[in-house]
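Please read the structure below before turning to the comments.
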Ligand SMILES: *Cc1c(COP(=O)(O)O)cnc(C)c1O
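In the numbering used here, the protein residues as written are 38 to 279.
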């Protein structure tokens with residue numbers, strides 16, 4: 038049997054995902070339009086990405102600097118986000134081209150984004166990444182330090198804190214991560230209530246292919262989907278990644 042092309046895989050998955058997002062949004066008392074679907078496009082070829090954009094995907098997120106830079110000129114018009122771990126020395130390569138950086142995991146990184154943005158005369162929107170399960174292997178702010186760090190970061194010019202992002206542990210059942218989504222939502226609401234200058238809790242970016250419905254039910258308003266949209270990743274094309 039002929040293997041399905043990535044475009045066919047996308048078409049089949051996208052309509053299903055839209056239905057799932059709508060159902061999950063409604064279970065959280067929201068509408069489909071309240072949820073932003075971001076396509077996580079690592080290892081996906083530009084042709085497929087542009088097909089996705091033509092089909093209605095408005096937001097894409099890359100998570101590796103080199104891959105983003107090699108693809109960015111070919112993307113059809115869309116909102117471009119950076120969602121991967123970012124080293125300080127790569128900030129200058131990314132900031133000119135992206136609207137939102139999801140993965141700000143240190144004061145040091147935020148300061149560099151501020152510096153580069155000021156130089157370019159632009160304001161870069163950022164999310165603070167939270168290491169919600171306290172995993173050794175993951176970066177991100179600890180939940181109990183984020184408020185203090187956010188106050189520090191909010192003083193930097195050239196950036197705007199727009200919300201929080203998390204990548205909960207890989208698990209077999211989506212319900213296992215529900216407690217982390219619940220914690221994230223609480224943090225999001227608590228921080229929002231403090232009304233810290235130069236920060237607004239508008240975006241709660243959590244939920245990936247295996248658990249996006251659980252995430253939406255628990256307050257996510259931006260989900261980042263790769264595999265669910267494009268099928269299993271083929272790292273042989275782009276080298277090893279996350
Ligand atoms: C790859 C990636 C995703 C999407 O992962 P899937 O499980 O394939 O949906 C989401 N967020 C980040 C930060 C990623 O790197």
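Even for Gly, the Cβ is constructed at its ideal location relative to N, Cα and C. These numbers were taken from a predicted model, which means no experiment stands behind them.
Residue i by DSSP, collapsed to three states: which one?
{"i": "residue 41", "result": "coil"}
{"i": "residue 162", "result": "strand"}
{"i": "residue 140", "result": "strand"}
{"i": "residue 267", "result": "helix"}
{"i": "residue 121", "result": "coil"}
{"i": "residue 73", "result": "strand"}
{"i": "residue 235", "result": "coil"}
{"i": "residue 260", "result": "strand"}
{"i": "residue 229", "result": "helix"}
{"i": "residue 221", "result": "helix"}
{"i": "residue 99", "result": "strand"}
{"i": "residue 68", "result": "coil"}
{"i": "residue 113", "result": "coil"}
{"i": "residue 245", "result": "coil"}
{"i": "residue 279", "result": "No answer about residue 279 holds up, because its pLDDT of 47 lies below 50 and its placement is not dependable."}
{"i": "residue 56", "result": "helix"}
{"i": "residue 204", "result": "coil"}
{"i": "residue 94", "result": "coil"}
{"i": "residue 129", "result": "helix"}
{"i": "residue 210", "result": "coil"}
Any heavy atom of ligand 1 closer than 7 Å to the Cβ of residue i?
{"i": "residue 100", "result": "yes"}
{"i": "residue 264", "result": "yes"}
{"i": "residue 61", "result": "no"}
{"i": "residue 54", "result": "no"}
{"i": "residue 176", "result": "no"}
{"i": "residue 152", "result": "no"}
{"i": "residue 261", "result": "yes"}
{"i": "residue 247", "result": "yes"}
{"i": "residue 226", "result": "no"}
{"i": "residue 127", "result": "no"}
{"i": "residue 77", "result": "yes"}
{"i": "residue 268", "result": "no"}
{"i": "residue 46", "result": "no"}
{"i": "residue 120", "result": "yes"}
How close, in whole Å, do the beta carbons of residue i and residue j come, if the pair is a contact with beta carbons under 8 Å?
{"i": "residue 129", "j": "residue 160", "result": "That belief does not hold up - the Cβ atoms of residue 129 and residue 160 are roughly 16 Å apart, past 8 Å."}
{"i": "residue 196", "j": "residue 163", "result": "5 Å"}
{"i": "residue 117", "j": "residue 97", "result": "6 Å"}
Q) Where are the beta strand (DSSP E) runs, 3 residues long or more, that stay fully inside the segment 151-196, in chain order? A) 161-167
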